[in-house]
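The structure appears below as structure tokens.
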């Protein structure tokens with residue numbers, strides 16, 4: 001039997017709306033006491049968390065770890081899980097746009113087995129909606145869910161055909177899993193590489209209008225009216241998308257959406273200053289879009305924060321802008337970026353932000369055993385120093401990929417201790433120790 005006692009921390013549990021200063025005792029893989037802990041088992045490891053936040057383990061429902069894979073890639077489940085733990089995450093959901101696509105029960109099982117052998121982070125695979133992510137034939141969704149798939153998505157591609165999309169929604173509803181949509185009408189983005197606007201015209205690159213995102217959301221939610229599946233919009237970039245999702249919610253649909261750090265902090269101007277490091281799918285847009293997405297977050301329309309952590313080799317980012325890869329990495333600095341985007345400007349407080357990174361994503365994927373702090377609950381915990389100032393340095397990332405436009409940014413807020421199932425998976429490695437261990 002092993003025990004860890006976290007003392008004098010601000011305990012925030014969004015699931016129970018608990019927000020107190022107190023102690024938390026872990027024995028083996030469970031939380032056994034919460035609040036004022038007056039005694040602990042012999043040999044307990046005591047960690048003073050004064051001035052720190054004790055949160056449920058952070059959850060990221062949108063990462064790309066590029067595995068299972070038939071070739072070499074910039075990230076693996078092993079490196080990705082280590083990077084996730086360094087960022088404060090105890091659970092992540094991997095996307096199925098692997099090589100080959102994760103469209104069979106066997107590949108789901110392989111992903112789960114690899115993740116179990118790593119142990120740094122709970123890695124939950126999503127499965128393809130269609131065979132090969134080609135949008136032509138329904139994938140064996142029920143079989144993949146039985147093998148452990150946590151959600152359904154063709155992320156990176158949209159299910160374009162209306163009839164096929166309706167089949168996918170029906171299949172998702174039958175297995176009680178959320179469908180996560182990559183909202184992009186490909187007919188509107190032919191040759192597009194950045195937001196359609198003044199900066200795009202100045203640079204002379206292909207346009208990618210907001211309507212490409214908004215039209216798919218409108219189409220999907222129209223199809224879903226009579227089906228009633230849980231439907232989720234990935235990496236929202238358009239302020240107009242928030243209004244469409246809100247209308248569906250008000251009509252009783254189970255519609256949700258997620259926001260990523262880059263779509264809350266960067267505009268299309270970054271394409272001039274950061275070049276291909278600012279090339280995203282969907283693209284960076286305008287301050288107006290950022291303001292409207294933040295407003296949706298503040299009002300509870302958008303309830304999940306997810307990184308869309310997308311590693312790429314440096315060589316693919318060194319190509320000319322139109323040919324370079326889409327996407328960035330960010331799981332190791334996401335927490336601080338959300339602090340900058342949402343807390344420092346007064347959009348929301350810590351309790352709401354942590355709900356968007358713990359209980360809300362856990363609920364979406366049907367894992368209500370995660371994302372909370374309760375007696376006898378899983379001991380997945382992230383301890384955060386909300387005042388820790390640091391500089392993002394991609395050379396220190398545990399991920400082999402360095403494609404991050406936030407390199408060099410001064411930020412505040414850092415996960416200093418991460419516990420998964422009662423075992424410490426990460427501590428801050430700065431010269432000044434983040435916690436005092438007795």
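Residue numbers (the numbering used here): 1 to 438.
Don't be surprised by glycine CBs; every beta carbon is placed ideally from N, CA and C.
For residue i: DSSP bridge partner residues
| i | result |
| --- | --- |
| residue 232 | 180 and 256 |
| residue 220 | Paired residue(s): none; residue 220 is not in a bridge. |
| residue 22 | 9 |
| residue 248 | DSSP lists no partner for residue 248. |
| residue 208 | 195 |
| residue 54 | 11 and 383 |
| residue 27 | 3 and 30 |
| residue 378 | 30 |
Extent of the continuous alpha helix (DSSP H) to which residue i belongs
| i | result |
| --- | --- |
| residue 134 | Per DSSP, residue 134 belongs to no alpha helix (DSSP H) and is neither H nor E. |
| residue 185 | Neither: residue 185 is in no alpha helix (DSSP H) and is coded neither H nor E. |
| residue 337 | 334 to 338 |
| residue 86 | 77 to 86 |
| residue 168 | 162 to 174 |
Proximity of residue i and residue j at Cβ, strictly below 7 Å
| i | j | result |
| --- | --- | --- |
| residue 306 | residue 349 | no |
| residue 139 | residue 130 | yes |
| residue 224 | residue 155 | no |
| residue 473 | residue 339 | The chain is shown only over 1 to 438; residue 473 falls outside these bounds and no answer can be derived. |
| residue 25 | residue 40 | yes |
| residue 55 | residue 398 | no |
| residue 362 | residue 422 | no |
| residue 216 | residue 168 | no |
| residue 87 | residue 334 | yes |
| residue 264 | residue 341 | yes |
| residue 326 | residue 277 | no |
| residue 260 | residue 232 | no |
| residue 193 | residue 206 | yes |
Which of helix, strand or coil DSSP assigns to residue i
| i | result |
| --- | --- |
| residue 6 | strand |
| residue 46 | strand |
| residue 241 | helix |
| residue 284 | coil |
| residue 401 | coil |
| residue 275 | helix |
| residue 148 | coil |
| residue 15 | coil |
| residue 262 | helix |
| residue 315 | helix |
| residue 426 | strand |
| residue 120 | coil |
| residue 305 | strand |
| residue 153 | strand |
| residue 69 | strand |
| residue 99 | strand |
| residue 125 | strand |
Span of the beta strand (DSSP E) around residue i
| i | result |
| --- | --- |
| residue 416 | 410 to 420 |
| residue 30 | 30 to 35 |
| residue 58 | 58 to 63 |
| residue 361 | No beta strand (DSSP E) contains residue 361, which is instead part of the alpha helix (DSSP H) from 359 to 364. |
| residue 396 | Residue 396 -> no beta strand (DSSP E), and no H or E assigned at all. |
| residue 91 | 89 to 94 |
| residue 385 | 381 to 391 |
Neighbourhood of residue i by C-beta, 6 Å cutoff - its chain only, sequence neighbours within 5 removed
| i | result |
| --- | --- |
| residue 67 | 76 and 77 |
| residue 455 | Here the chain covers residues 1 to 438 and nothing more, so residue 455 does not appear. |
| residue 377 | 31 |
| residue 124 | 93 and 150 |
| residue 420 | 90 and 380 |
| residue 160 | 135 |
| residue 292 | 239 and 242 |
Neighbourhood of residue i by C-beta, 7 Å cutoff - its chain only, sequence neighbours within 5 removed
| i | result |
| --- | --- |
| residue 303 | 256, 356 and 360 |
| residue 351 | 12, 14 and 19 |
| residue 318 | none |
| residue 151 | 93, 126, 177, 178, 180 and 365 |
| residue 137 | 130 and 131 |
| residue 199 | 268, 269, 271 and 272 |
Nonlocal neighbours in the same chain, by C-beta distance under 8 Å from residue i, ignoring five residues either side
| i | result |
| --- | --- |
| residue 105 | 140, 143, 144, 146 and 147 |
| residue 416 | 52, 383, 384, 385, 388, 427, 428, 434 and 435 |
| residue 16 | 372, 373 and 374 |
Within-7 Å CB hit, residue i to chain D
| i | result |
| --- | --- |
| residue 112 | Although the question refers to chain D, the structure presented lacks it and comprises just one protein chain. |
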